[in-house]
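One structure is given below, encoded as structure tokens.
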Amino acid sequence: MPDRNRLRLAIQKSGRLSADSLDLLARCGLRLRTPKGRLIIHAENFPVDVLLVRDDDIPQLVMDEVCDLGLVGTNVLEETALERHLNGANAGYAIERSLDFGRCRLAIAMPEDRPYSDTGDLQGLRIATSYPHLLGRFLAGKNVQAEVVLLSGSVEIAPRLGIADVICDLVDSGSTLEANKLRVVETIFRSTAVLIRGGRPLAPEKAHTADILLRRIDGVLKAAEAKYIMLHAPKAALPEIKKLLPGAENPTILPLAGDDTKVALHAVCSEAVFWETMEALKKCGASSILILPIEKMML
Ligand code: ATP
Ligand code: ZN
């Protein structure tokens, strides 16, 4: 019997989101042993059960309240929501957090030798895709009538097989497209991984667990960008140096043994510190500049 007080979270079993999803949960302190072949992992130190499923199933598992939370790309989420709206099924969900992985885009790609100037050129064509609803919404918005050819995989070979004129698929580096002599002509959707929950509020015990998990995720996301900066600064240059530190509040200033003219400055920068910032700090007289990663953060 499943423990009704344990939070159920669905993640992709194996694919492009799997490693990053597991990594996020590990950074949140969940101890998950992943025995091969298991479809459900019980976190050992936290009341969370992780379900390992196909990414396409995650939105519906959450919308149907089989799972409380899910980690999924907005491409799959939005496609499912559009389909369920159309079929009159419950499509309630809320995006709790946008995450910093799973970035990709859904794009229309044409054979390289076919001219293209604007969406009008798609009129009357056959477009192969696994995302009929996102594509349909885009075409309707542009007033284009085209035939949507539904394929569940290997969409990029459809033009060569003669079953479509163009494709609408996820693209990353573009090397798959190049190999199939295709080029991107329109980006119709930009996707990133998100943490979702169902449309209805959780029971109090689960809501409490979800709150803790969300706060830990916030800490992980903040720490990903944040850096700890340490440097030596001439006292006179402090006001200028403080202005250069990206997103730092109230740095710690410490005396330097044996040198009255300089101090040590320590600060947490909430944004990335680039080489340009370090060079500017150096110009102001800063020296011994150290930038350290921050593993976790709780404000
Ligand atoms: P499944 O068997 O779970 O259905 P799949 O074949 O649909 O797997 P993957 O190729 O693993 O899927 O992609 C899963 C999700 O990862 C995509 O729906 C998208 O949200 C995201 N994704 C796609 N391409 C990339 C990419 N290049 N980089 C990062 N994330 C991506
Ligand atoms: Zn999938």
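Heads up: the sequence shown begins at 49 in the working numbering, then just goes up one per residue.
Each residue gets a CB set at the ideal place from its N, CA and C atoms; glycine is no exception.
Rounded to the nearest angstrom, what separates cysteine 332 and lysine 270 at their Cα positions? Looking at the two C-alpha atoms, the distance is approximately 28 Å.
Say the cut is 8 Å; is the CB of glycine 150 nearer than that to a heavy atom of the ligand ATP? It does: the Cβ of glycine 150 is within 8 Å (strictly closer) of some heavy atom of the ligand ATP.
Please name the residue, chosen from Ile301, Glu113, Glu319, Ala91, that lies closest to valine 311 on a Cα-to-Cα basis. When each option's Cα is compared against that of valine 311, the closest is Ile301.
Using 8 Å for Cβ pairs, my map puts valine 101 next to arginine 54. What's the rounded Cβ distance? The pair is not a contact, with the Cβ atoms about 17 Å apart (cut-off 8 Å).
For valine 98, which of Leu119, Met111, Asp112, Pro107 has the nearest alpha-carbon? When each option's Cα is compared against that of valine 98, the closest is Leu119.
Distance between methionine 345 and glutamate 144 (C-alpha atoms, nearest Å): If you take the alpha carbons of glutamate 144 and methionine 345, they lie about 19 Å apart.
Looking at alanine 394 and the ligand ATP, is the gap between the Cβ and the nearest heavy atom below 8 Å? For the chain, the structure presents residues 49 to 347; residue 394 sits outside this window and is missing.
Between the C-alpha atoms of glutamate 195 and asparagine 138, what's the straight-line distance to the nearest angstrom? In this structure, the alpha-carbon of glutamate 195 lies about 28 Å from that of asparagine 138.
Name the DSSP beta bridge partners of lysine 310, please? Residue pairing by DSSP puts lysine 310 in a beta bridge opposite Pro282.
With a threshold of 8 Å (Cβ to nearest heavy atom), would glycine 63 be considered close to the ligand ZN? Yes, the beta carbon of glycine 63 sits closer than 8 Å to at least one heavy atom of the ligand ZN.
Find out if the Cβ-Cβ distance for the pair lysine 229, glutamate 297 is shorter than 9 Å. Taking 9 Å as the cut-off, the beta carbon of lysine 229 is found no closer than this to the beta carbon of glutamate 297.
In DSSP terms, what aspartate 97 is bridged to: For aspartate 97, DSSP records a beta bridge to Arg56, His90.
Within the same chain, show all residues whose beta-carbon is closer than 6 Å to that of aspartate 220, passing over the 5 residues directly before and after it, in chain order. Cys152.
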